[in-house]
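If you want my numbering, it's the position in the sequence shown, counting the first as 1, plus 10. Before any comments, here is the structure.
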Amino acid sequence: KKGSIEFTYPEISVQAVCYEDNIPLTIHAGIGTDVLDQHLYFDGEAKGGCSGRDFLIYTEEVARLTEGGVILNVGSAVTGPEVFLKAASMAGNTGHTPGRIVTADFDLRPYNPEKFTDENAVGYYYRDQKSIVTRVPQAYGGQGTYIEGNQKQTFPLLYKKLLEL
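Okay, here's the thing in structure tokens:
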């Protein structure tokens, strides 16, 4: 690795683990969505450029899931699911279809798949439930799961169960 990064709390930092283990970590930032975007010295070109490069890195990782893999969406109702949907589509369009993937969406809202086809129902617009749990896994021969609850509880429980394997 070039250089070194000193993390304040590496034992609880996802970024630190990714850095140390050379795992791609991507950020998919919107422009105008953060209070810092209003600062006098905000550079939208830099933020957009970095986010664009991260999207291509993420798409490369999704394209590696041709023989299966796991995608977890934790608490992102719009951006995460849309980024994944577009990355899966790009991967598929380049001949690297993400096959037999297992996806899981962790969120607080009730899961009502019967509302996905009714444009007048609020559930029609739940991108995380439609794309992460249903649309993408079904399109590529995978399986999606919805975990309803507070992510502060459900995600650590998943971690605990994985450690028990």
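Glycine included, each C-beta is placed from N, C-alpha and C at the ideal position.
| Query | Result |
| --- | --- |
| Nonlocal neighbours in the same chain, by C-beta distance under 8 Å from R74, ignoring five residues either side | H106 |
| Exposed unless 16 or more other CB atoms sit within 10 angstroms - verdict on S23 | exposed |
| Rounded Cβ spacing between R145 and V88 (contact assumed at less than 8 Å) | Actually they are not in contact, since the Cβ atoms of R145 and V88 sit about 14 Å apart, beyond 8 Å. |
| Boundaries (first-last residue) of the alpha helix (DSSP H) holding I142 | Element bounds for I142: n/a, residue is neither H nor E. |
| Pair within 8 Å by beta-carbon distance, G115 and Y156 | Note that residue 115 is Asp in the sequence shown, not Gly. For D115 and Y156, yes; Cβs fall inside 8 Å. |
| Residues near G109 in its chain [Cβ-Cβ closer than 8 Å; skip 5 each side] | L75, T76, E77, G78, Y150, G151, G152 |
| Bridge-paired residues (DSSP) for E158 | D117 |
| Nearest to R63 (by Cα), restricted to the options A39, F52, D117 | A39 |
| Simplified DSSP state of I67, which is helix, strand or coil | helix |
| V88, DSSP secondary structure in three states | coil |
| N-terminal and C-terminal residue of the alpha helix (DSSP H) that A26 is part of | 24 to 30 |
| The segment 41 to 60 in contact with the segment 98 to 105 per 3-pair CB rule at 8 Å | no |
| Of the residues T18, V45, Q48, E70, the one placed nearest L35, counting alpha carbons only | E70 |
| Beta-bridge partners of L168, as assigned by DSSP | Answer is none; L168 lacks a bridge partner. |
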